[in-house]
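One line per chain: the protein sequences are A and B, in this order.
Heads up, the first sequence is in this note's numbering, so the first residue is 625 and it goes up one at a time.
Heads up, the second sequence is in this note's numbering, so the first residue is 593 and it goes up one at a time.
Think of the CB as a built atom: it goes at the ideal place given N, C-alpha and C, for glycine as much as any other residue.
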Amino acid sequence: MALTRAQVENIAHLARLELEAAEIPQFQQNLSRIVDFIGELERADTAGVAPMAHPLPGLAQRLRPDEVTERDEHELYQRNAPQVASGLYLVPKVIE
Amino acid sequence: MSAWETVIGLEIHAQLATRSKIFSGAATAYGAAPNTQACLVDLGYPGVLPVLNAEAVRMAVRFGLAIGARIARHSVFARKNYFYPDLPKGYQISQYELPIVAGGAIDIVLEDGSAKRIGVTRAHLEEDAGKSLHEGLGSLTGIDLNRAGTPLIEIVSEPEMRSAKEAVAYMKKVHTLVRYLEICDGNMQEGSFRCDANVSVRPAGAEKFGTRAEIKNINSFRYVEKAIQYEVARQIELIESGGKVVQETRLYDPDKGETRSMRSKEEANDYRYFPDPDLLPLELDEAYIESVRAALPELPDAKAERFVAQYGLSAYDAGVLTASRDLADYYEAVARAVPEQPKLAANWVMGELAAALNKDGLEIGSGKLPAERLAGLLARIADQTISGKIAKEVFEAMWASGQSADAIIEAKGLKQITDTGAIERAIEEVMAKNPAQLSDYRAGKDKLFGFFVGQVMKATQGKANPAQLNELLKKKLPG
Chain A
625 MALTRAQVEN IAHLARLELE AAEIPQFQQN LSRIVDFIGE LERADTAGVA
675 PMAHPLPGLA QRLRPDEVTE RDEHELYQRN APQVASGLYL VPKVIE
Chain B
593 MSAWETVIGL EIHAQLATRS KIFSGAATAY GAAPNTQACL VDLGYPGVLP
643 VLNAEAVRMA VRFGLAIGAR IARHSVFARK NYFYPDLPKG YQISQYELPI
693 VAGGAIDIVL EDGSAKRIGV TRAHLEEDAG KSLHEGLGSL TGIDLNRAGT
743 PLIEIVSEPE MRSAKEAVAY MKKVHTLVRY LEICDGNMQE GSFRCDANVS
793 VRPAGAEKFG TRAEIKNINS FRYVEKAIQY EVARQIELIE SGGKVVQETR
843 LYDPDKGETR SMRSKEEAND YRYFPDPDLL PLELDEAYIE SVRAALPELP
893 DAKAERFVAQ YGLSAYDAGV LTASRDLADY YEAVARAVPE QPKLAANWVM
943 GELAAALNKD GLEIGSGKLP AERLAGLLAR IADQTISGKI AKEVFEAMWA
993 SGQSADAIIE AKGLKQITDT GAIERAIEEV MAKNPAQLSD YRAGKDKLFG
1043 FFVGQVMKAT QGKANPAQLN ELLKKKLPG
């Protein structure tokens, strides 16, 4: 199955990736091959196989007790932020 | 307006009152300095793994059991993908196909006293996002991720509400319930309890729903009512003038009293949900669910029914007194201390006490007037030491001074006069001082009876027992 140019553009937009116009045909090809592989998987006989949300059968989510175990380390964590003020991360203006 | 029917469904977000976050050990306390409660997991640093908070799970199960829902033995966490600066991972961990709670219902009482059952489609666990601050930062936005990862349950109703008032009644009932269950503090100013309203209109009698608009993030009961009313009027006007409602997200602006479009249709989100590979399915067994059920408190509806049966209250009064657990507990403490007078206790708790709390902006749980204190006052009404009217004066003094009713009655000499002889003497004095009114009364001016009641009350500083006074006046006035 070949992806259209518009589909690739939409996927790029959802992933917030900026593609050059010249790159699009290449991604059309590459992504189409991935979709084709999914198509191959779909031909596998899965009748009688229950859908699974995880590849680890028999394991369930572990729970942790409701305890505060983390300390304030914001100065350390913010060292790689491009811009910070009064403890806030600063980003280009977002208007809803 | 009657040609149109309104259809409303609500999605309520309630922050769960855990100490730590849903997937990390960072604190959830409100009001901390920015980003001091955001750890590596909340910040979405590479290589970290979320681990689910047992208490958040227990709280969601508590809610599900309280509304008679099915608790999923097997539920799955999913990633909801979208980009926004207050969502560092680029996805919100939520539940999609297999939520922890499905089905159930909330019973509401409408203004005319009739009841209506609103179905709950599902309630799922998810994490809250951070906060964006736009004020005072010029061309920049500040991001505080303290709230990121705070546990939420999103409670999704069926589209079964037919007016803004029904939506408010439903929201209030859920609010009452989560506080009874002690799973959410219900603080709407702080955003602990907020809702999105899906609103559409259709011609009365039509089967098909109209196109809906979703009003996001409403954080007060009053705004829910106003936002829905505005939106309904907007949609009807739009359709009647030949337009079409578009499916979109809108914001309510409380200053302007209107809703406005938030995102254009082209931006319509494709969330691309898929099971979160970092989290295994959540499995709950029967024994666990039963242990949570066994620990449920008496719920508001059951409590109100019991108040009607046990204390002889009206359904309305019982509803008011069970609106919060603190209020209900306070009422019961008073009613138990004055066992012969449950109705008197109800009137005082809903009347004088509620008014005084309201005036001072206090909550019932503030401890300003402990239940035993109020009961002490009501006991003096019950044993006729003071009249109901004097009791209001004593109440004010109690409220201001924190003293007991007995101390105030004693200090101010407010004890009711129940001595027949003393009341008779007061009546005779008043009759002697007002010969003209007395002869008018005897000539048939019955209305003057009230004048004599007033004069004797004045002469006794309001302390004459009202029933006895009436009785004696009826005997003495005709001569």
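As assigned by DSSP and simplified to three states, the class of residue i
i	result
B/ASP921	helix
B/GLY911	helix
B/GLY734	strand
A/ARG640	coil
B/ALA664	coil
B/GLU823	helix
B/THR1010	coil
B/ARG650	helix
A/VAL632	helix
B/LYS1037	coil
A/ASN704	helix
B/ASN627	coil
B/THR610	coil
B/LEU641	coil
B/ASN811	coil
A/PRO675	coil
B/MET854	coil
B/MET1023	helix
B/ASN790	strand
B/ILE775	coil
A/ARG667	coil
B/ASP975	coil
A/VAL692	coil
Classification of residue i by the beta-carbon crowding that lies within 10 angstroms, buried from 16 upward
i	result
B/GLU858	Any reading at B/GLU858 must be qualified, since the residue scores a pLDDT of 44, below 50, and its modelled position is unreliable; the value itself is stated next. Flag for B/GLU858 reads exposed.
B/LEU966	buried
A/LYS717	exposed
B/PRO934	buried
B/ASP909	buried
B/ASP868	buried
B/GLY639	exposed
B/ALA609	buried
B/GLN827	buried
B/PRO689	For the sequence presented, residue 689 of chain B should be read as Glu rather than Pro. Per the 10 Å Cβ criterion, exposed.
B/TYR815	buried
B/PRO691	buried
A/ILE662	exposed
B/GLY994	exposed
B/MET990	buried
B/SER706	exposed
A/PRO649	exposed
B/SER853	exposed
B/GLU955	exposed
B/GLN607	buried
B/SER612	buried
B/MET763	buried
B/PHE655	buried
For residue j and residue i, believed in contact at Cβ under 8 Å, the rounded distance
i	j	result
B/VAL712	B/VAL748	7 Å
B/ALA907	B/GLN821	So it is not a contact: roughly 28 Å between Cβ atoms.
A/VAL632	A/LEU655	6 Å
B/PRO677	B/ILE735	5 Å
B/ILE700	B/LYS765	5 Å
Chain-ordered chain B contacts of residue i [CB-CB under 7 Å]
i	result
A/GLU694	SER616, GLY617, ALA618, CYS631
A/LEU627	Near A/LEU627 there are no residues of chain B at all, since even the closest Cβ is about 15 Å away, more than 7 Å.
Amino acids of chain A, ordered along the chain, whose beta-carbon sits closer than 9 Å to that of residue i
i	result
B/PRO867	MET676, ALA677, HIS678
B/LEU725	LEU712
B/ALA646	LEU687, ARG688, PRO689, ASP690
Under 7 Å from the C-beta of residue i: neighbouring residues of chain A
i	result
B/VAL649	LEU687
B/VAL668	ALA677
Within chain A, partners of residue i - CB distance below 8 Å
i	result
B/VAL930	Chain A residues near B/VAL930: none, gap ~41 Å exceeds 8 Å.
B/THR628	ASP696, HIS698, GLY711
Proximal chain B residues relative to residue i, where beta-carbon distance stays under 8 Å
i	result
A/GLU691	ARG611, SER612, GLY617
A/PRO716	SER731, LEU732, THR733
A/LEU638	ASN673, ASP862, ARG864
A/LEU683	LEU872
Within chain B, partners of residue i - CB distance below 9 Å
i	result
A/ALA630	Here the premise fails: no neighbours, minimum Cβ distance about 13 Å.
Check whether the region 713–720 of chain B touches the region 684–691 of chain B, counting contact only when three or more Cβ pairs, one atom from each stretch, lie closer than 8 Å.
yes
Taking three-plus beta-carbon pairs below 8 Å as touching, is the region 674–683 of chain B in contact with the region 731–748 of chain B?
yes
Report yes or no: do the region 914–924 of chain B and the region 935–949 of chain B share at least 3 C-beta pairs separated by less than 8 Å?
By the Cβ test, the region 914–924 of chain B is in contact with the region 935–949 of chain B, since at least three Cβ pairs between them sit closer than 8 Å.
The region 685–701 of chain A in contact with the region 865–879 of chain B per 3-pair CB rule at 8 Å
yes
Decide if the region 596–609 of chain B is in contact with the region 777–793 of chain B; the criterion is three or more beta carbon pairs, one per stretch, under 8 Å apart.
Result yes; three or more Cβ-Cβ pairs closer than 8 Å.
Indicate whether the contact test is met: 3 or more Cβ pairs, each with one atom in the region 652–663 of chain B and one in the region 769–783 of chain B, closer than 8 Å.
Yes, they touch.
I want to know whether the region 799–818 of chain B touches the region 831–842 of chain B - three or more CB-CB distances under 8 Å.
yes
Can at least three beta-carbon pairs, one atom from the region 876–885 of chain B and one from the region 642–657 of chain B, be found at a separation below 8 Å?
A contact exists between the region 876–885 of chain B and the region 642–657 of chain B.
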